[in-house]
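This is the structure:
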């Protein structure tokens, strides 16, 4: 009788142990699955202003330092996306420069880091925005990226959007060609409207001048970009380069939300920019974005309030 009870006890203990083990596995699974819904994940977006001068002979190491730094710091900074602000090359007809830019971008692809490309005036044939993007389209055709999980879609050459999910939030990065025409703006307006619940970020090569005016050389007024942008509640950031220097302008959209519009282009500095890039650190729990301007090539932060600041962001 005693032996029978002992067996019964051991059997119950075994069954209970299995139940506990299964329960623990289920709890771990649920924690991992639902963690993003309870944790507001901070993350970084890296912005690469006009990289054109780094493709010139003798400066390739600056380009390499930038992309290597991004790859090496992907986990530490939780880098989720990279934005190129246009002018990938200095001379549109020099294939050696396109090859350098392609090598950099290919490295990001190899490490599965999502990114957005927009063309600048130097990427257009004869640097004329009214002419085609022959070499840009040869090296970076839409078909090259269409199989990426983050690819959203395109309109012609030079206008694309990408979508990523971070935590439980959706982010849409849209890029417009230099001096976008009405059809391109109409397409952007449609994409933003169809994805209005996303957190929206727009990039175009030329948008602000050094005084914060929406007018840049090579284009007529860029107020048409703003006229479209301000009608979208969750479009809160507009990025641009083209004009040598920095400026940040804040304007209220039609929903009384602040839209932070940033110009950053360092090519007038020594070595064609000294490798400066921008780190946009998004902090949903604080409702802010912290901006830092850093050079992997020099291993130093750029000083000044125009280079390092923060702004509010209403995470959706």
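Residue numbers (our numbering): 467 to 782. Where a beta carbon is used, it is the ideal one built from N, C-alpha and C, also for glycine.
Please classify residue i: does DSSP put it in a helix, a strand, or coil?
i, result
"residue 579", "coil"
"residue 517", "coil"
"residue 562", "helix"
"residue 738", "helix"
"residue 592", "helix"
"residue 743", "strand"
"residue 767", "strand"
"residue 569", "helix"
"residue 773", "coil"
Are residue i and residue j closer than 9 Å when you measure CB to CB?
i, j, result
"residue 571", "residue 642", "no"
"residue 522", "residue 550", "no"
"residue 529", "residue 517", "yes"
"residue 662", "residue 700", "yes"
"residue 590", "residue 564", "no"
"residue 674", "residue 728", "yes"
"residue 623", "residue 574", "no"
"residue 625", "residue 646", "yes"
"residue 515", "residue 546", "no"
Could you please give the first and the last residue of the uninterrupted beta strand (DSSP E) stretch that includes residue i?
i, result
"residue 533", "Unbroken run through residue 533 is the alpha helix (DSSP H), 526-538; no beta strand (DSSP E)."
"residue 640", "635-642"
"residue 616", "Taken as a continuous stretch (DSSP letters only), residue 616 belongs to no beta strand (DSSP E), as it is neither H nor E."
"residue 551", "Where residue 551 is concerned, there is no enclosing beta strand (DSSP E), given that its DSSP letter is neither H nor E."
"residue 610", "From DSSP, residue 610 is part of no beta strand (DSSP E); its letter is neither H nor E."
"residue 781", "First-last for residue 781: undefined, no H or E at that position."
"residue 627", "626-632"
"residue 755", "754-761"
What are the start and end residues of the alpha helix (DSSP H) that includes residue i?
i, result
"residue 600", "600-605"
Taking Cβ positions only, does residue i come closer than 9 Å to chain C?
i, result
"residue 625", "Absent from the structure: chain C. Only one protein chain is present."
Note to self: Extract the residue ranges of the alpha helix (DSSP H) inside the region 646-729, only unbroken runs of 4 or more that lie entirely within it.
What the structure shows: 648-660 and 689-695
Next item on the list: May I ask you to verify whether the region 606-614 touches the region 629-644, counting CB pairs closer than 8 Å and requiring at least 3?
Entry: no
Check: On the three-pair Cβ rule with 8 Å, is the region 624-631 touching the region 739-755?
Finding: no
Notebook entry, point to check: Does the region 651-659 come close enough to the region 681-689 to have 3 or more Cβ pairs within less than 8 Å?
Noted result: no
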